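With the first letter of the sequence shown counted as 1, position 33 gets the number 1387 in the numbering used here; the numbers rise by one all the way through.
We treat Cβ as the ideally placed atom computed from N, Cα and C, and that holds for glycine.
Everything numeric in this text was worked out from a predicted model, so none of it was measured.
Following: one structure in structure tokens, then a few remarks.
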Amino acid sequence: MTRLIQLIYVSRFVAGNRGMLSEMRNILTSSRTNNYHNQLTGCLLFDREIFVQIIEGGEDKVRTSFERIAGDHRHEAVRIIQDAPIPARDFPVWAMAGFVRSEANESLFRSHRFLTQKSTGRFEPQRLIDLANALVALDQPSILSDIRPAVKIPEPQAQSGQTRFYEAMRAPDHDGITTRANS
1355 MTRLIQLIYV SRFVAGNRGM LSEMRNILTS SRTNNYHNQL TGCLLFDREI FVQIIEGGED
1415 KVRTSFERIA GDHRHEAVRI IQDAPIPARD FPVWAMAGFV RSEANESLFR SHRFLTQKST
1475 GRFEPQRLID LANALVALDQ PSILSDIRPA VKIPEPQAQS GQTRFYEAMR APDHDGITTR
1535 ANS
């Protein structure tokens, strides 16, 4: 089995022909599809200027995915702030969770010192992970709540023999890899 790693990067949004929220929707949709097929999980944060993305999975697949992401024209000044082996995933069921900083979640961004980290350029990986987990835990409606691709992904067979379906944003089974909360 390949080594499980977590890569966190920050980058600056580059405005294109589409609006920033439209671009965010497109990024999340393609991330969820690509990540599902590559058994990657993670979270994308966007404060309307800066992207922070946490990617987890097998080392080779994370690196291949990051190479593709780094070449994307929708952002620049891509900087890795953490690239390390992990014992378990922080986002085990999210092919890619996504949150845009807004009035509804501003207090979480502030309490996790996001603005300070952004202004100094010194991003702290654990604070970013904690912020992403806090946003996921809220399960709040967000600007992006309408992004639920129609692709159905089969869940492992239920005992009754019937197959249930996850939403496309959910990640596939990861061969028994546990979350940090369960490890």
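Quick one, are the C-beta atoms of residue i and residue j less than 9 Å apart?
| i | j | result |
| --- | --- | --- |
| Q1360 | D1444 | yes |
| F1477 | I1381 | no |
| G1396 | R1357 | no |
| R1402 | R1464 | no |
| I1483 | I1409 | no |
When you compare only the Cα positions, how much space is there between residue i and residue j?
| i | j | result |
| --- | --- | --- |
| S1384 | V1432 | 19 Å |
| L1399 | M1378 | 10 Å |
| P1441 | R1366 | 30 Å |
| A1488 | L1462 | 7 Å |
| I1435 | P1479 | 7 Å |
| H1466 | T1387 | 29 Å |
| M1450 | N1389 | 7 Å |
| T1418 | A1486 | 23 Å |
| D1414 | R1422 | 13 Å |
| L1394 | A1369 | 27 Å |
| H1391 | T1470 | 36 Å |
| A1538 | V1416 | No answer is possible for residue 1538: the residues shown for the chain start at 1355 and end at 1537. |
| L1492 | E1457 | 14 Å |
| D1500 | G1475 | Model confidence at D1500 stands at a pLDDT of 39, short of 50, so the residue's coordinates are unreliable; what they give is reported in the following sentence. Roughly 32 Å separates the two Cα atoms. |
| W1448 | A1438 | 19 Å |
| S1473 | P1446 | 30 Å |
| H1429 | R1481 | 22 Å |
Using DSSP's beta-bridge definition, name the partner residues of residue i.
| i | result |
| --- | --- |
| Q1436 | I1362 |
| L1399 | V1406 and F1453 |
| E1430 | R1366 |
Residue i and residue j look like a contact to me (Cβ under 8 Å); what is the Cβ gap, rounded to whole Å?
| i | j | result |
| --- | --- | --- |
| V1364 | F1405 | 7 Å |
| F1468 | N1459 | Contact doesn't hold; Cβ gap of about 10 Å is too wide. |
I need the boundaries of the alpha helix (DSSP H) containing residue i, first residue and last residue.
| i | result |
| --- | --- |
| F1445 | Segment: none, F1445 is in no alpha helix (DSSP H) and carries neither H nor E. |
| L1489 | P1479 to L1492 |
| A1369 | Here A1369 belongs to no alpha helix (DSSP H), and DSSP marks it neither H nor E. |
| L1462 | E1460 to S1465 |
| Q1471 | F1468 to T1474 |
| R1422 | E1413 to A1424 |
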